[in-house]
Amino acid sequence: MITKKKLREYLEEKGIYNDVDEFLIDDFIAYLEMSQEARRDIKKRGAVMNIAKPENKPYYQQNPSVSILNNATKNLLNISRKLALSPYDRAKLKVEEDIEDDGFNT
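Sequential numbering of the sequence shown, starting at 11, is according to this note's numbering.
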């Protein structure tokens, strides 16, 4: 599992860590934990649950963990982009660095 320390070290190795990223790292770890907990609950209780009191008249509703998982996933992707964690964003960051270093910027 990704820890705060491992994530910070990874960003430092890539030369893209900044102290202001610390709150994003905290949020990333929190959303990661939320998504894992939601996945466990969905696996245990299913994506749709029978919430009717008398079991002979079923009434199905979406497990709230589905919404939690969707929200956490969106936030993880957003933070990943901000921290340049996806392969696409790392490549994009590399291109931007090369452009800045080409000597033709004014």
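Glycine included, every Cβ here is placed at the ideal spot set by N, Cα and C.
Exercise. Provide the residue(s) that pair with TYR70 in DSSP beta bridges, ordered along the chain.
Key: Reading the sequence shown from its first residue, position 60 is the one you call residue 70. Bridge partners of TYR70: ASN60.
Query raised in the report: Among PRO74, ILE12, ILE26, LEU42, which has the Cα closest to the Cα of LEU86?
Result: As a working mapping, residue 86 is identified with position 76 in the sequence shown. Comparing alpha carbon positions, the residue from PRO74, ILE12, ILE26, LEU42 closest to LEU86 is LEU42.
**Report entry** Rounded straight-line distance, which links the Cα of LEU21 to that of LEU93
**Finding:** For the purposes of this step, residue 93 is identified with residue 83 of the sequence shown, where counting begins at 1. For the purposes of this step, residue 21 is identified with residue 11 of the sequence shown, where counting begins at 1. Spanning the two alpha carbons is a distance of roughly 8 Å.
- Message: Here's a check: name, in chain order, each residue in its chain whose Cβ is nearer than 8 Å to the Cβ of VAL58, leaving out the five neighbours to either side.
- Response: Numbered from its first residue, the sequence shown carries residue 58 at position 48. Closer than 8 Å at Cβ, skipping near neighbours: TYR70, GLN71, GLN72, ASN73.
Does DSSP put THR13 in a helix, in a strand, or in coil? Locating residue 13 in the sequence shown gives position 3, counting from the first residue. In the three-state reduction of the DSSP assignment, THR13 falls in the coil class, being assigned neither a helical nor a strand state.
Suppose contacts are defined by Cβ-Cβ distances below 8 Å. Is ASN81 in contact with PRO68 by that definition?
The residue labelled residue 81 in the question sits at position 71 within the sequence shown. The residue labelled residue 68 in the question sits at position 58 within the sequence shown. At the C-beta level, ASN81 and PRO68 stay beyond 8 Å of one another.
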